[in-house]
Structure formats: structure tokens, C-alpha cells
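Working notes for the structure below.
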Amino acid sequence: MNPFIKEICGLLEEPTGLKAGDIAAALTTPPDSAMGDFAFPCFPLAKVRKAPPAKIAAEIAAALKPTPLLTRIEARGPYLNFFVERTAWLREVLGTIFQEGDKYGASQEGKGKTIVFDYSAPNVAKEFRIFHLRTTVLGNALYNLYRMLGYRCVGINHLGDWGTQFGVVLAAFEEKGDEKKLAKDPIRYLTGLYVEYNRRMGDDGALKGRAREWLKKLEDGDAEARRLWRLFVDLSVEDFKRVYKRLGVRFDYYRGESFYFEKTDEVIREAEEKGIAEVSEGALVIKMRNDDLPPIIIRKSDGATTYVTRDMAAAKHRYEEFEFDRMLYVVGSEQKLHFEQLFEALERMGYEWAKRCLHIPYGIYLELQEVDGETRRVKAGTRGGFKVLLEEVLDEAADRAERIIDENYEEGFFEDKRRVAEAVGIGAIIFNDLKNTRIKDVVFDWDSMLSFRGETGPYLQYAHARICGILRKWGGDVRGEVDFALLDDPEEFEMSKLLARYPDVIRRAAETYEPSALAGYLLEIATAFNKYYTDLTRHRVADENAPDLSAARILMADCIRRVLASGLTAIGVRPLERM
Ligand code: ARG
2 MNPFIKEICG LLEEPTGLKA GDIAAALTTP PDSAMGDFAF PCFPLAKVRK
52 APPAKIAAEI AAALKPTPLL TRIEARGPYL NFFVERTAWL REVLGTIFQE
102 GDKYGASQEG KGKTIVFDYS APNVAKEFRI FHLRTTVLGN ALYNLYRMLG
152 YRCVGINHLG DWGTQFGVVL AAFEEKGDEK KLAKDPIRYL TGLYVEYNRR
202 MGDDGALKGR AREWLKKLED GDAEARRLWR LFVDLSVEDF KRVYKRLGVR
252 FDYYRGESFY FEKTDEVIRE AEEKGIAEVS EGALVIKMRN DDLPPIIIRK
302 SDGATTYVTR DMAAAKHRYE EFEFDRMLYV VGSEQKLHFE QLFEALERMG
352 YEWAKRCLHI PYGIYLELQE VDGETRRVKA GTRGGFKVLL EEVLDEAADR
402 AERIIDENYE EGFFEDKRRV AEAVGIGAII FNDLKNTRIK DVVFDWDSML
452 SFRGETGPYL QYAHARICGI LRKWGGDVRG EVDFALLDDP EEFEMSKLLA
502 RYPDVIRRAA ETYEPSALAG YLLEIATAFN KYYTDLTRHR VADENAPDLS
552 AARILMADCI RRVLASGLTA IGVRPLERM
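Quick look at the structure:
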């Protein structure tokens, strides 16, 4: 525990009759340092003491004396406010960051606990589209956050590599498939086949029938169906992996629906044995307790399994293998009903762990379009023009970032311009995706997400690079032991308070499944840093004539850099050293 909080707890245990842990948990931060640095609200004491909280606060304050770490203690309304000794505070905060290095912000609170993350899960043969970007980016950030907290994290890519779309693609391939074309550009080729056949299929019973036949063949293990299917999946996954690499995302397992299809017999039998499944119009269904919810079909009348059957088998298999404490499905809010039904079905199967499964929904992508001379926000990709293939979007991001670099930097500034452009462009997309609460829709607007000035990825990367530049220019080692009394500017103190919040921010972002909490915090840090260093005469970091002051400021700069780098990495944006 931070020694300042410990000291407050020590002072308050006796007069409040509370335990140290409860006091620490109750502490808040006043909105303004002029009011104090920590506040203890006296409301909960009012009942026991039968006195108004303000009176209790005043009484306790009157009896407390300042200590070396707490220079002032005062009552302010119902709050007891504590002021820290600033030099000691700076030593504590910056010293801790310096010592813990890359581990600052991490903890072991999740030790021994396992969380399974189900994210990304694009559909083979259908598309790897921009719509799968949100789940990929959010899932990755949550995975990283929980890892920082010491949890064992298991990331599973539940690829859509089974089901109806394969019936369509196989039928289309039988008609006019070409394995050479397929190998050249599998995702686009298969998507093309799928879209085209699907369109013609409309009401055409014959085409529909053929798609159904192929699906049946596939599920029954027909050799040719399986061979082609394997080929489609393998080639597509290779392509997906290239995109994941560019996004800096990895998975512990690629286990698609096909993997779990093999295990559906068992759950279907179990559902029958437990008497929760019934036959309805030839299909096997599980009814929901709430009549408003449609029943789920676990086996179609032709014997085929469904998306939800495979999800039931997947959940069971994952619990058996990982004994998870929690399983998070990072999937768009349009699948809300699916997960409600799935979780209820698991519960009715008698799995006590069903309540540990959570759907983490998020909003859709919007793009700006001119409609009748007005700029409107419309669902992305519905009106054409918008690039929907994820890889094309990433290419465009890098191209645009490269153009911005060309306009703003002298030639030769970057040795590896394309690599920087890639990091900036992709960082911009990722940050744009994560900066708002996840349930909000994301507006996809290139200019605003790539701006170096707005609330963007490039803005943060730039702040990080700027600090790296200051440190490079300084050239010397960063020392952890400096004269902290020299950091006597109020802005320096405020900065240290901001840095001290980092571990809490990580915890809160994870607990609420909101990487946006971390994104917002990083913006705060970068903005505070920019403000601080703009006034270079007052805050020149490295000054030959003031070596001690320089050493102290360099330490501060390095601490800011560490927090920025750690936070950016956690949300999946690459920190850059030079920009
Ligand atoms: N492939 C699905 C889709 O694109 C998402 C799968 C989500 N995960 C799951 N276990 N159902 O809509």
C-alpha cells in the first residue's frame, strides 16, 4: 500500500472504528489539489454516531495532527481532506515508477484465475471485414489488461469455419471454381463466389437445394467436400494471420466452429438425456423460460447442427479444459439474443459455470456520407464506396499516414518511413475504435482519426516520441535518486498525481471491460505533458547550467514516457521513438 494511504489509515482507524482496508477503499480524490489530495467521506459514520457527517468530519479533524507525510488535515463539509507532503510524494511516485519499470501498473491480483476470451472470429469464405475489427481490437485490449493484472488469459479465435455459408461456397465452387485463382487471393475470391451465388440463390429452389446438399455432404464427412473445405479454411487463415500480424494481435488458439462441431453429438445427447430438448417440426429445440424469447434449434430437421449448438459445445469444452473463472465473448451487440439464449441453455444443462459467461457487446461502425448536400452518419459499407475488406482498410490507413508524413517531414527524416506510416495509420484506427465507451457506434472518419492534434493515436504516439527525443538529447542515464525538492512546480506535482493513478486506471478499465477508460487517461497524460513542456523557458528539461534540476526533470519525463508506452501497448497502439 502506498505509504500516504497507509498513514491516513493509521490516523483514521481509531476515530472511525473502521479497518484499514475499508478506509483505503473509501478514500477519494478531491477534484482540485487546492482542496486536498485525498478525501475521506464521513457519510457512512453518520448512522453509527448519530451525528451529521459534517460535524463528525470537523471533530475528527480537530483531533488529528499533521505528520511528516501529511502536512494538513482539514474538514470540508462532510469530507476529511488530507494534503500530502509534496517532495515525499514525488519521491514515492517517481521512485516507484523508476523501480518497477515496465511492470508499473501491473499487479498479481488475478493470480490463479483464468479468463477465456472469445474475440475476432471472422467468417471464412464470407469476409474479413471492417466489422470484425472492433471485436479484434477490443478483445486484444481486454486480454492485455487482464494479463497485466496477473490473470491467466486464454485467447480463442472462434473462426466461422463451418455452417451454412460453406454450403453456398461449395455449391458455387462446383459451378465455376478455380483452385489457382483461389490460391492467389483466397479471401477476396471466396467472398466473390459467396456473394454472387447468394444473390442468384434468392428464390431459386434448385440453387438453394444444391447449397443445402453440399452442407449436408460436408457435415457427413464426404471426402471432396472436406478436401475443398480444408483448403478454403487453410488459405483464409493464412490471410487472416497476415492481418493479425499487422494489427499486433495474437491468439492462443485458433479453434473455429469446425473444431467444436466434432463435439456437438455429445451436447445434443446430453440435452436429450437431461430432458431439456424437445422435438418441434422435426427439429430438436430448447425452449426458453421467457416465452418472448424464441427457442434455439440445436439440431435441424435434416440433422445439421447450428451456430448455437456449436457454441454450446465450445463453452462446455472450454470449461472442461480451462476451468475458467470467467469467459468473455467480445461480440457485437446484434448478437445479444444469441448469447442470452446460449447462456440460458447452458444454465438449463445444469452447468454451474454458466453464470461465469459474459457477453461484451459493442456498437457498429458509421461512416460520413453526403446525402442531399448534408453530411450524415450512416452504417459503414451500406452505400458502397466504403472499403469493407479489413486488409484494404489497413493499406489505406498506412497510405494516408505516409502522405501526411510526406507533407510534414523533410525527406529522409525517417529511415523506415513505411514502417512508421504503418504504425501511425493502424494506431489511428485502433485508437479511434477504443477511445469511446464500447457500446457507442464508431465514426470512421479518416481525417479526424489521423489528425496529430485531436484525440487520436498519432497524437499519443507523437507525445511519446517527443519525450524520447528529449531523453535522447539528454544522452545521460536516467537516475532514480534525484533532488525531488527541485520539482516544486505545481504542474509537476499534478503530473505526479496523474501518473500515480495508472495502476487504478488499468484495474478499472479491466473490471468494466472498457479500454476507453485507459484511452481517455492516456490523452490526459499527453495533454498535461504537452502543456508542461510547451513553456520551455520555465520547464527546459535538460539544462547544462542546472544539472540537478535537469536530472530530476529527466526522471519525470522518463516516468511519463514509461506510462505512455505501457498504456499504448496495452491498447494495441505501437509507441514510436521518433516522429
Ligand atoms: N463468427 C461470428 C460472426 O462473425 C462471431 C463468433 C463469435 N463467437 C462465438 N463464440 N459465437 O458473427
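In this text, residue positions in the sequence shown follow our numbering: the first is 2, and each later residue adds one.
By construction, the Cβ of each residue, glycine as well, lies at the ideal position given by its N, Cα and C atoms.
This one's a predicted model, so the numbers in the text were calculated from it and none came from an experiment.
For the pair of segments examined, the stretch 543-551 was found not to touch the stretch 433-445: the number of CB pairs separated by less than 8 angstroms stays below three. In the same chain as P576, and ignoring 5 residues on each side of it, the C-beta atoms closer than 6 angstroms to its own belong to H465, A566, L569, in chain order. Measuring C-alpha to C-alpha distances from H318 to each of E267, A429, F344 identifies E267 as the nearest.
Cβ contact annotation for K112 (same chain, cutoff 6 angstroms, sequence separation greater than five): G151, in chain order. Taking 8 angstroms as the upper bound for CB-CB distance, V443 and Y366 are in contact here, some 5 angstroms apart. Taking 3 residues as the minimum length, the beta strand (DSSP E) runs contained wholly in the stretch 8-59 are 39-42, in order along the chain. The shortest CA-to-CA distance from V250 to any of R300, D407, H133, G521 is the one to H133.
One thing to note: S34 has its Cβ no nearer than 8 angstroms to the Cβ of P504.
For V280, the enclosing beta strand (DSSP E) stretches over residues 278-281.
The Cβ neighbour count for L294, taken over all protein chains shown within 10 Å, is under 16; the residue is labelled exposed. Residue range 327-331 is occupied by the beta strand (DSSP E) that includes Y330.
Distances between the C-beta of P123 and the heavy atoms of the ligand ARG include at least one below 7 angstroms.
Apart from sequence neighbours up to five positions away, the residues of its chain that approach G78 with a beta-carbon distance below 6 angstroms are A55, ordered along the chain. Proximity to A398 across T306, L143, W447 peaks at W447, based on C-alpha coordinates.
For N82, there is no enclosing alpha helix (DSSP H); the enclosing beta strand (DSSP E) covers residues 80-85.
Look at the beta carbons and you see the stretch 164-171 touching the stretch 194-211: at least three pairs across the two are nearer than 8 angstroms.
Here the alpha carbons of F233 and Y352 stand approximately 35 angstroms from one another. Straight-line spacing of the CA atoms in A501 and N141 works out to 25 angstroms. By the Cβ-count criterion, L338 is exposed, with fewer than 16 other Cβ atoms from all chains shown falling within 10 Å of its own Cβ.
Taking the CA atoms as reference points, V309 sits about 32 angstroms from E180. If you draw a 10 Å sphere on the C-beta of A52, you find fewer than 16 other C-beta atoms in it, and that means exposed. For D312, the shortest C-beta to heavy atom distance toward the ligand ARG is below 7 angstroms. When DSSP states are grouped into helix, strand and coil, R480 belongs to the coil group. In this structure, the C-beta of G161 approaches the ligand ARG to less than 7 angstroms from one of its heavy atoms.
In the displayed model, L499 falls within a helix according to three-state DSSP. Contact check between the stretch 288-305 and the stretch 93-101: fewer than three CB pairs, one atom from each, fall below 8 angstroms, which does not count as touching. Non-local beta-carbon contacts of A126 in its own chain, meaning distances under 6 angstroms to residues more than five positions away in sequence, involve Q166, V170, L191, Y195, F233 in chain order. Beta-bridge pairing by DSSP links A284 to S281. In this structure, the ligand ARG has no non-hydrogen atom nearer than 7 angstroms to the beta-carbon of Y352. With 16 or more neighbouring CB atoms inside 10 Å of its own CB, M450 falls in the buried class. Only residues of its own chain outside the window of five on either side were considered, and among them I157 have a CB closer than 6 angstroms to the CB of Y254, listed in chain order. The beta carbon of P362 lies closer than 8 angstroms to those of V332, G333, S334, Q336, K337, R439, I440 in the same chain, with the five residues before and after it left out.
When distances are taken from the beta-carbon of V574 to the heavy atoms of the ligand ARG, even the shortest one reaches 7 angstroms or more. For R377, the number of other beta carbons within 10 angstroms of its own is below 16, and it is reported as exposed. The beta carbon of V574 is closer than 6 angstroms to those of G428, I431, F432, G458 in its chain, skipping five residues each way along the sequence.
DSSP links G203 through a beta bridge to no other residue.
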